[in-house]
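Undergrad: Residue numbering for the sequence shown follows numbering that gives the first Met the number 0, beginning at 0 and increasing consecutively.
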Amino acid sequence: MTKNTQLETLQKITPNGLPSSPFSILSDLRFRTQRLLRQLLFSSLTRRIVILNLAALAILVTGILYLNQFRDGLIEAKIKSLCIQGKIIAGAIAASATVDTNSILIDPQKLLELQAGESVTPAPQSTDSWDFPINPEQVAPLLRRLITPKTTRARIYDRDATLLLDSRVLYSSGEVFSYDLPPLKTEKKLWERLYSWFSNALYGNGLAIDREQAKKRGIVHPEVYRALNGSLATAKRRNRQGQLIVSVAVPVQRYRAVVGALLLSTTGSDIDDIVKGERLVIFKVFAVVGSVLLVLSLFLAHTIAHPLSKLSASANRVRNGNNKRVEIPDFSMREDEIGHLSTSIRDMTNALYMRIEAIERFAADVSHELKNPLTSLRSAVETLPLAKNEEAQEQLIEIIQHDVRRLDRLITDISDASRLDAELARETAQIVDVTLLLESLVHAVQEVYRNRQNIDISLNIIPRPHGKPYLVLGHELRLGQVISNLIENARSFIPHDNGKICITMKSNAANLVLIIEDNGPGIRSENIERIFERFYTDRPSEDTFGQNSGLGLSISRQIIEAHNGTITAENIVDPELENSKTGARFIIVLPFAR
Numbered sequence: 000m001t002k003n004t005q006l007e008t009l010q011k012i013t014p015n016g017l018p019s020s021p022f023s024i025l026s027d028l029r030f031r032t033q034r035l036l037r038q039l040l041f042s043s044l045t046r047r048i049v050i051l052n053l054a055a056l057a058i059l060v061t062g063i064l065y066l067n068q069f070r071d072g073l074i075e076a077k078i079k080s081l082c083i084q085g086k087i088i089a090g091a092i093a094a095s096a097t098v099d100t101n102s103i104l105i106d107p108q109k110l111l112e113l114q115a116g117e118s119v120t121p122a123p124q125s126t127d128s129w130d131f132p133i134n135p136e137q138v139a140p141l142l143r144r145l146i147t148p149k150t151t152r153a154r155i156y157d158r159d160a161t162l163l164l165d166s167r168v169l170y171s172s173g174e175v176f177s178y179d180l181p182p183l184k185t186e187k188k189l190w191e192r193l194y195s196w197f198s199n200a201l202y203g204n205g206l207a208i209d210r211e212q213a214k215k216r217g218i219v220h221p222e223v224y225r226a227l228n229g230s231l232a233t234a235k236r237r238n239r240q241g242q243l244i245v246s247v248a249v250p251v252q253r254y255r256a257v258v259g260a261l262l263l264s265t266t267g268s269d270i271d272d273i274v275k276g277e278r279l280v281i282f283k284v285f286a287v288v289g290s291v292l293l294v295l296s297l298f299l300a301h302t303i304a305h306p307l308s309k310l311s312a313s314a315n316r317v318r319n320g321n322n323k324r325v326e327i328p329d330f331s332m333r334e335d336e337i338g339h340l341s342t343s344i345r346d347m348t349n350a351l352y353m354r355i356e357a358i359e360r361f362a363a364d365v366s367h368e369l370k371n372p373l374t375s376l377r378s379a380v381e382t383l384p385l386a387k388n389e390e391a392q393e394q395l396i397e398i399i400q401h402d403v404r405r406l407d408r409l410i411t412d413i414s415d416a417s418r419l420d421a422e423l424a425r426e427t428a429q430i431v432d433v434t435l436l437l438e439s440l441v442h443a444v445q446e447v448y449r450n451r452q453n454i455d456i457s458l459n460i461i462p463r464p465h466g467k468p469y470l471v472l473g474h475e476l477r478l479g480q481v482i483s484n485l486i487e488n489a490r491s492f493i494p495h496d497n498g499k500i501c502i503t504m505k506s507n508a509a510n511l512v513l514i515i516e517d518n519g520p521g522i523r524s525e526n527i528e529r530i531f532e533r534f535y536t537d538r539p540s541e542d543t544f545g546q547n548s549g550l551g552l553s554i555s556r557q558i559i560e561a562h563n564g565t566i567t568a569e570n571i572v573d574p575e576l577e578n579s580k581t582g583a584r585f586i587i588v589l590p591f592a593r
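This is the structure:
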């Protein structure tokens, strides 16, 4: 079997869509894992959630370390301990390790000048002139017993600030000097370098460096100078490795005379190791909490970013305009903001598809309605040359003119209907006083038909409770168009003699109710809903054909629904006359302005 055949065999897929070989399974698993990691780690929202949560935890831990009193308390306790220890050791040195040089001085010249029986009286001296030098050989065993070299370093200076003894080099008569070799210079580990940088950044580098002087003079340490002046002094420094050193200088006094100074200091790793251990515990807690927080952040980001990415992908598919209807994911069961967003996008998409379908139906209806007068017009034009007499020609010309007027009316109404949604969305809604609108419209209609048709138009406005006005939020021009359409529609059906149109306005809870009634023939029961369809007309047979486009009521419903209202139609039935319709009634319900 060749390599190509083996590769084809490995790439075969089972009927259920799963890879058929271990190689393909691993490849598919690796691909899915990489895709999930890309979604989690490279999502902007995921990065923000993780970074913000971890940054908050890091700030908290940094604040704990910075404000933690453990380090300051440890330093303070160490200083007190060194002070007590220094006083004890200084007292022991003064008591047992000094040489008494306050001997009686006899002048030989005066001794020769004495007469028989005379004695020499020493000159009086004050205690301030006494001198008790410190004997290093006597101090060394004392320091061996009282000093722990791993944690504390002791240095003894005489009154001239000359270093007499260092606990690092303890000696006595005949003893060989021994020095600890400095540690080998090894490269610090990454953890140690990071810790040193963090410690210096947290507590600063304001402490002086403890430098060893070749002349072994204690004046380089200000605390030694103050101790030689009889005062206890403390200091904090750092060694060359950046480790904290605490020093305490104690005067060595005998008979109120300062004979030297004792300088006690911690080793570089004494305090830092304790603080480092305490910080290490905090860092471990931070690592555990950070890991848990990272997992929770990724989970939170997944529950947020994953649904949003699915919604975004679905919206992009809708935008691309594929012929297939795209189903928006439903996350309404979440009952949170993402669920609400999902519901809103689904509703918006459904409204978009409904709008597209409505446009398609509108285009089909327009095409159908325009074909009728065009067909009639074409037939009349083709027949006109064949007319045998003048009367037939005039009749054909009248048909042509009628069809042209019908086309003009259709095109005007179609143009108005097609611009309606855009105008309603573009124009800003304002407060409309429906009372003033009705009064002006009714007055205008009465003036128009005063001498043309015997019409009785009445307006009845029932006052609202507490005298509130009838105000709605909308477009005054379009609302006036609806009322005019309904009045004109009623006028076209009422009798020429004794025709009546009654307009009533009342309130119902939070809604305005406008009722327009007429005494015409009413509406056929099966056509009550159809009359609001585009291009539908149901006129009496004696009316002139083609005088109405059938868009008036459709446009009226479109305007009312754009104002969050409803418009319905019903018949007026006389209860005394069974199945007798006495007119039609149109009911408009609009919400009051808030």
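Every residue gets a Cβ at the ideal spot worked out from N, C-alpha and C, and that includes glycine.
(1) Sort P132, Q429, N497 by Cα distance to H562 and report the nearest one.
(2) Taking S246 as the reference, which of I530, I78, L423 has the closest Cα?
(3) Taking all protein chains shown into account, do 16 or more other C-beta atoms lie within 10 angstroms of the C-beta of S166, making it buried, or fewer, making it exposed?
(4) Is any beta-carbon of chain B found at less than 8 Å from that of A424?
(5) Rank I133, I460, A139 by C-alpha distance to the C-alpha of P468 and give the top, closest one.
(6) Locate the beta strand (DSSP E) running through S457, then write down its first and last residues.
(7) Quick one: is I63 buried, meaning 16 or more other Cβ sit within 10 Å of its Cβ, or exposed?
(8) Mark S308 as exposed unless 16 or more other C-beta atoms lie within 10 angstroms of its C-beta, in which case mark it buried.
(9) Which two residues bound the contiguous alpha helix (DSSP H) that contains M332?
(10) Please report the Cβ distance between L395 and P372, rounded to the nearest whole angstrom; I am assuming they are in contact, meaning their Cβ atoms lie under 8 Å.
(11) Report the residue ranges of all beta strand (DSSP E) runs contained in full by the segment 499 to 567; include only those spanning at least 3 residues, in chain order.
(12) The alpha helix (DSSP H) that contains S483, what's its start and end?
(13) By a C-beta neighbour count over all protein chains shown, 10 Å radius and 16 as the cutoff for buried, is M504 buried or exposed?
(14) According to DSSP, is L263 part of a helix, a strand, or is it coil?
(15) What is the DSSP secondary structure of N52, counted as helix, strand or coil?
(16) Who are the Cβ neighbours of T565 in its own chain at under 7 Å, not counting the five residues just before and after it?
(17) Exposed or buried, which one is L279 when buried takes at least 16 other CB atoms within 10 Å?
(18) In terms of DSSP beta bridges, what is G582 paired with?
(19) Looking only at C-alpha atoms, which of I146, L437, R377 sits nearest to I83?
(20) Going by DSSP, what residues sit across from L164 in a beta bridge?
(21) Using the three-state DSSP reduction, which class does T233 fall into: helix, strand or coil?
(22) Which of the three DSSP states is assigned to N101 in this structure?
(23) Following the continuous alpha helix (DSSP H) through Q252, name the residue where it begins and the one where it ends.
(24) Short check: CB of G229 to CB of V249, under 8 Å?
(25) Only counting the same chain, and skipping five residues up and downstream in sequence, which positions put a Cβ closer than 8 Å to that of V325?
(26) Here's the rule I'm using: 16 or more other beta-carbon atoms within 10 Å means buried, otherwise exposed. How should S296 be labelled?
(27) Among I358, G519, K323, A94, which one has its Cα closest to the Cα of S417?
(28) May I ask you to report which of helix, strand or coil DSSP gives A256?
(29) One question on the structure: do P132 and D159 come within less than 8 Å of each other, judged by their Cβ atoms?
(30) Spell out the partners DSSP gives I430 in its beta bridges.
(31) Taking the CB atoms as reference points, tell me whether L511 and V471 lie closer together than 8 Å.
(32) Per DSSP, what are the beta-bridge partners of V588 in this structure?
(33) What is the residue span of the alpha helix (DSSP H) that E326 lies within?
(34) Taking 8 Å as the cut-off, does the segment 570 to 586 touch the segment 434 to 449 (at least 3 CB pairs, one atom from each stretch)?
(35) Can you say whether I50 is buried or exposed, counting buried as having 16 or more other CB atoms within 10 angstroms of its CB?
(36) Which class does I146 belong to by DSSP, given the choice of helix, strand or coil?
TA: To lay it out plainly:
(1) Working through the sequence shown from its first residue, we reach residue 562 at position 563. Checking every option, the nearest Cα to that of H562 belongs to Q429.
(2) Along the sequence shown, read from residue 1 onward, the residue named residue 246 stands at position 247. Answer by Cα proximity: I78.
(3) Here the question's residue 166 lines up with position 167 in the sequence shown. Buried.
(4) In the structure shown, chain B cannot be found, because there is only a single protein chain.
(5) The residue labelled residue 468 in the question sits at position 469 within the sequence shown. Per the Cα distances, I460.
(6) For the purposes of this step, residue 457 is taken as the residue at position 458 of the sequence shown. Where S457 is concerned, the enclosing beta strand (DSSP E) stretches over 454 to 460.
(7) Sequence index remark: in the sequence shown, residue 63 carries index 64 (1-based). With fewer than 16 other Cβ atoms within 10 Å, it is exposed.
(8) Against the sequence shown, residue 308 aligns to sequence position 309. The residue is exposed, with fewer than 16 neighbouring Cβ atoms inside 10 Å.
(9) Within the sequence shown, numbered from 1, the residue matching residue 332 stands at position 333. First-last for M332: undefined, no H or E at that position.
(10) Counting from one through the sequence shown, the residue named residue 395 turns up at place 396. Counting from one through the sequence shown, the residue named residue 372 turns up at place 373. The pair is not a contact, with the Cβ atoms about 14 Å apart (cut-off 8 Å).
(11) 510 to 517
(12) The residue labelled residue 483 in the question sits at position 484 within the sequence shown. First-last of the alpha helix (DSSP H) with S483: 475 to 492.
(13) Residue mapping note: residue 504 aligns to position 505 of the sequence shown, counting from 1. Buried, because 16 or more other Cβ atoms sit within 10 Å of the Cβ of M504.
(14) If you number the sequence shown from 1, residue 263 lands on position 264. In this structure, L263 counts as strand in the three-state DSSP scheme.
(15) Along the sequence shown, read from residue 1 onward, the residue named residue 52 stands at position 53. Correct three-state label for N52: helix.
(16) By one-based count along the sequence shown, residue 565 stands at place 566. So the list reads I559, V588, once near-sequence residues are dropped.
(17) Counting from 1 along the sequence shown, the entry for residue 279 is found at position 280. The residue is exposed, with fewer than 16 neighbouring Cβ atoms inside 10 Å.
(18) Taking the sequence shown and counting its residues from 1, the one referred to as residue 582 is at position 583. Answer is I571.
(19) Taking the sequence shown and counting its residues from 1, the one referred to as residue 83 is at position 84. When only C-alpha atoms are compared, the closest one is I146.
(20) Walking along the sequence shown from the start, residue 164 turns up at place 165. Looking at the DSSP assignment, L164 forms a beta bridge with I155.
(21) Taking the sequence shown and counting its residues from 1, the one referred to as residue 233 is at position 234. In the structure shown, T233 sits in a strand (DSSP, three-state: E or B).
(22) Start at 1 with the first residue of the sequence shown, and residue 101 comes out as number 102. Its pLDDT being 48, under 50, N101 is placed unreliably by the model, and nothing is read from it.
(23) Stepping through the sequence shown from its first residue, residue 252 is reached at position 253. Q252 -> not in any alpha helix (DSSP H); beta strand (DSSP E) instead, spanning 243 to 253.
(24) Taking the sequence shown and counting its residues from 1, the one referred to as residue 229 is at position 230. Taking the sequence shown and counting its residues from 1, the one referred to as residue 249 is at position 250. Not in contact: G229 and V249 (Cβ atoms no closer than 8 Å).
(25) What you label residue 325 is simply residue 326 of the sequence shown in a count that begins at 1. Taken in chain order, the residues that qualify are S313, R316, V317, T348.
(26) Sequence index remark: in the sequence shown, residue 296 carries index 297 (1-based). The residue is buried, with at least 16 neighbouring Cβ atoms inside 10 Å.
(27) Taking the sequence shown and counting its residues from 1, the one referred to as residue 417 is at position 418. Cα-wise, what sits closest to S417 is I358.
(28) Residue 256 sits at position 257 when you count from the first residue of the sequence shown. Of the three classes helix, strand and coil, the one that applies to A256 here is strand, per DSSP.
(29) Looking up residue 132 in the sequence shown gives position 133. Looking up residue 159 in the sequence shown gives position 160. No, Cβ-Cβ distance for P132 and D159 is not below 8 Å.
(30) As a first step, residue 430 must be located in the sequence shown, where it is residue number 431. Beta-bridge pairing links I430 to L472.
(31) If you number the sequence shown from 1, residue 511 lands on position 512. If you number the sequence shown from 1, residue 471 lands on position 472. Yes.
(32) Translated into the one-based positions of the sequence shown, residue 588 becomes position 589. Paired residue(s): V512, T565.
(33) As a working mapping, residue 326 is identified with position 327 in the sequence shown. Element bounds for E326: n/a, residue is neither H nor E.
(34) no
(35) Taking the first residue of the sequence shown as position 1, residue 50 is located at position 51. Under this definition I50 is an exposed residue.
(36) Counting from 1 along the sequence shown, the entry for residue 146 is found at position 147. Looking at I146 - three-state DSSP - the assignment turns out to be coil, as it is neither helix nor strand.
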